[in-house]
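174 is the number that UniProt numbering gives the last residue of the sequence shown; the numbers go up by one with no jumps. Don't be surprised by glycine CBs; every beta carbon is placed ideally from N, CA and C. Worksheet for the structure shown next.
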Amino acid sequence: METLEAIHTRRSIRKYTDRPVPKELVTELLRAAMSAPSAVNAQPWVFIVIDDRKILDEIPTFSPYAGMCRKATLAILVCGDTTREKAPGYWAQDCSAAIQNLLLAAHDAGLGAVWTGIFPMTDRVKGFRKTFGLPDHVFPLGLVPVGYPAEKPGPRDRYREEKVYHNRYGQKRE
1 METLEAIHTR RSIRKYTDRP VPKELVTELL RAAMSAPSAV NAQPWVFIVI
51 DDRKILDEIP TFSPYAGMCR KATLAILVCG DTTREKAPGY WAQDCSAAIQ
101 NLLLAAHDAG LGAVWTGIFP MTDRVKGFRK TFGLPDHVFP LGLVPVGYPA
151 EKPGPRDRYR EEKVYHNRYG QKRE
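This is the structure we're talking about:
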């Protein structure tokens, strides 16, 4: 799959088959995530691969928009470790880039995935901290349920000219 094709056809997938994702493929997803850019090349991310059915079923009890975990065979928790930062405050941007790479790699591999937000919602952060034993310097940013898709939504063109300005806010190209 070409890069632009992957970007334009990737969709959030919330329904999965029960087919497990091979460990080698999970490693490739993580390799892609870790290839993301980061401020001062700090790479402050930490990943927790979740394939325990009991834990996947528990997640929606403290993360209300992660109900698809109950059907996913796998999820990847993406966290930022502030002790690894070289540019304080950029961990969330760095981890967001890693999540986007993970989503594109999953799509390219024929998998479905969806980014479910955690940070800065304090109730969700608390739930993930407790469930996964995260220390105070590790912040859960997002959870990405992954699996073989049981749905195939078509691509959407999201380009909107009205959201583009030139040289200054509010200035349109002539």
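Check, Outcome
"In whole angstroms, what separates the C-alpha of Phe-132 from that of Ala-39?", "26 Å"
"How should Gln-43 be labelled, buried or exposed, when 16 other C-beta atoms within 10 angstroms of its C-beta is the threshold for buried?", "buried"
"Within this structure, are the beta carbons of Ala-113 and Val-146 separated by less than 8 Å?", "yes"
"Taking all protein chains shown into account, do 16 or more other C-beta atoms lie within 10 angstroms of the C-beta of Thr-73, making it buried, or fewer, making it exposed?", "buried"
"Checking the sheet assignment: what are the DSSP bridge partners for Trp-91?", "Partner(s): none; Trp-91 has no beta bridge."
"When you compare only the Cα positions, how much space is there between residue 186 and Lys-126?", "It is not possible to answer for residue 186, since the shown part of the chain is limited to 1 through 174."
"I'd like to know if the region 44-53 and the region 83-95 are in contact, where contact means that at least 3 CB-CB pairs between them fall below 8 Å.", "yes"
"For Thr-17, which of helix, strand or coil comes out of DSSP?", "coil"
"Distance check for Arg-11 and Tyr-159, CA to CA, integer angstroms please.", "15 Å"
"Got a sec? Which residues, its chain only, sit under 7 Å from Gly-117 by beta carbon, not counting five neighbours each side?", "Gly-142"
"Give the single residue among Ile-13, Ala-150, Met-121 and Leu-30 whose Cα lies nearest to the Cα of Ala-105.", "Leu-30"
"To the nearest angstrom, how far is the alpha carbon of Leu-25 from that of Leu-111?", "10 Å"
"By Cβ distance below 7 Å, which residues in the same chain neighbour Glu-151 in space, the five residues on each side in sequence not counted?", "Ile-13 and Lys-15"
"Would you identify the three-state DSSP class for Val-114, choosing helix, strand or coil?", "coil"
"Taking only runs that begin and end inside the region 102-151, name each unbroken alpha helix (DSSP H) of 4 or more residues, in chain order.", "122-132"
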